[in-house]
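Residue numbers (our numbering): 12 to 378.
Structure representation (structure tokens):
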């Protein structure tokens, strides 16, 4: 078990090493830790599915803290210096989702893909995940806290250099996966026209259904207390921190559509999050009435979490249903990628997903 614990840290660091090796001719990447201060109200009841958006102040409490947020910043040696992609992963993942150290003559790294095309990125570990701060009390890590971390981080990146010699960015585009997308969504609701995100590309998230498999959902994935899943690594954690056992639900149902090595890597490097975060995904059904940036949603047609019962077949109807909560967005669209699963970056169709996401980023950068 000790070997497993050390190996997880080494794999996290090797992701940066492999990324540098793959893109050293055109990109430079650095691990960074950015202190981020948040002062927010969270529900006293962390099972509040709307994350306090429908609560009054008497049912809320204050979280006023500074957290260290880990990230991998990748900068092209020549290219766009004004626009940054801020990448946020899904539940039970880390920033490795955007650049996993699995090669197999395929490109599974979106950070390398976009950097080689001249676009910088910062892939972060969400609050309580990976190498970022993990509060002892899991109930401190709710949608208001985690989304505020992303918004405050973006504000800082627009006013101060992330590294010496790197000037502040003029535009920041939030790119999320699953839970990460929902957190950008929550921030858009709260921040409105003051949002630091000029545009958002929200992958693997839909309003009108669950965005991660809940316990007892009948899928192959279940939540389990992290300290029970790996007592050596997580034995001291608050029992409200959970992980997800069973990763095949995040891939297309056809097992030939993804590498078995990726599935092993996925299980080996899974991370944790508070159970309440899965419950608060319902907050994305509230309109982001005052957000005025461009928004696009990208989902896989073979997404076993989101697209059951032919839900993602009629793209026009899906777009109409999803657009309701983005009434003021500069533009809105939904793209459904054939052959892709919930984890767009991790199956054999990853290249097509990268082309789609980067195409949206290129277009939004010019707006």
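C-beta: ideal position from N, C-alpha, C; glycine also.
These figures come from a predicted structure and were not determined experimentally.
Check: Short Cβ contact (9 Å threshold) for residue 299 with residue 375; Outcome: no
Check: Buried or exposed by the 16-neighbour rule on C-beta atoms within 10 Å, applied to residue 349; Outcome: exposed
Check: For residue 266, three-class secondary structure by DSSP; Outcome: helix
Check: Inter-stretch contact (C-beta, 8 Å, three-pair minimum) for the segment 92-112 and the segment 66-80; Outcome: no
Check: Endpoints, the beta strand (DSSP E) within which residue 214 is located; Outcome: 210-214
Check: Sheet register partners of residue 76 (DSSP bridge); Outcome: 49
Check: DSSP-derived helix/strand/coil call for residue 344; Outcome: strand
Check: Terminal residues of the alpha helix (DSSP H) in which residue 132 lies; Outcome: Per DSSP, residue 132 belongs to no alpha helix (DSSP H); it is in the beta strand (DSSP E), 132-135.
Check: Cβ neighbours of residue 365 in the same chain (closer than 6 Å, five flanking residues each side left out); Outcome: 121 and 124
Check: Residue 331 to residue 217 span [Cα, whole Å]; Outcome: 12 Å
Check: Secondary structure of residue 234, DSSP reduced to three states; Outcome: strand
Check: C-beta contact flag for residue 205 and residue 45 at 9 Å; Outcome: no
Check: Per-residue DSSP class, three states only, for residue 42; Outcome: strand
Check: Buried/exposed call for residue 182, threshold 16 Cβ in 10 Å; Outcome: buried
Check: Distance between residue 62 and residue 177 (C-alpha atoms, nearest Å); Outcome: 35 Å
Check: Proximity to residue 160 [Cα-Cα], best of 112, 329 and 138; Outcome: 138
Check: When 322, 370, 309 and 371 are compared against residue 346, the one with the closest alpha-carbon; Outcome: 309
Check: Sheet register partners of residue 305 (DSSP bridge); Outcome: 210
Check: Proximity to residue 315 [Cα-Cα], best of 259, 252 and 357; Outcome: 259
Check: Under the three-state DSSP convention, the category residue 229 falls into; Outcome: For residue 229, the predicted structure reports a pLDDT of 40, less than 50, and the residue's modelled location is therefore unreliable. The matter cannot be settled from this model.
Check: Touch test, the segment 281-295 against the segment 149-160, Cβ-Cβ under 8 Å, three pairs minimum; Outcome: yes
Check: Residue 238 versus residue 270 - alpha carbon distance; Outcome: 29 Å
Check: As assigned by DSSP and simplified to three states, the class of residue 359; Outcome: coil
Check: 6 Å Cβ shell around residue 248 - same chain, five flanking residues per side excluded; Outcome: 237 and 238
Check: Outcome for residue 356 when other beta-carbon atoms lying within 10 angstroms are tallied against a minimum of 16; Outcome: buried
Check: C-beta atoms of residue 158 and residue 133 nearer than 9 Å; Outcome: no
Check: Simplified DSSP assignment, three categories, for residue 34; Outcome: Residue placement at residue 34 is poorly supported in this model, since its pLDDT is 45, which falls under 50; the coordinates still yield a value, given next. DSSP places residue 34 in helix when its eight states are reduced to three.
Check: Counterpart residues of residue 256 in DSSP-defined beta bridges; Outcome: 233
Check: Inter-residue Cα distance where the pair is residue 226 and residue 164; Outcome: Because the pLDDT at residue 226 is just 34, under 50, the model does not fix this residue reliably, and the value given afterwards should be weighed accordingly. Rounded to whole angstroms, residue 226 to residue 164 spans 32 Å at the Cα level.
Check: Cβ contact (3+ pairs, closer than 8 Å) linking the segment 93-101 and the segment 182-192; Outcome: yes
Check: Nearest residue (CA-CA) to residue 273, options 53, 255 and 112; Outcome: 112
Check: Under 9 Å between C-beta atoms of residue 253 and residue 275; Outcome: no
Check: Pairwise C-alpha distance: residue 307 and residue 343; Outcome: 5 Å
Check: Separation of residue 60 from residue 368, as counted between CA atoms; Outcome: 29 Å
Check: Buried versus exposed, by CB contacts within 10 Å (16 or more), residue 223; Outcome: For residue 223, the pLDDT reaches just 38, beneath the cut-off of 50, and the residue's location in the model is therefore unreliable, although a value from the coordinates is still provided. Flag for residue 223 reads buried.
Check: Between the CA atoms of residue 56 and residue 256 - distance to the nearest angstrom; Outcome: 26 Å
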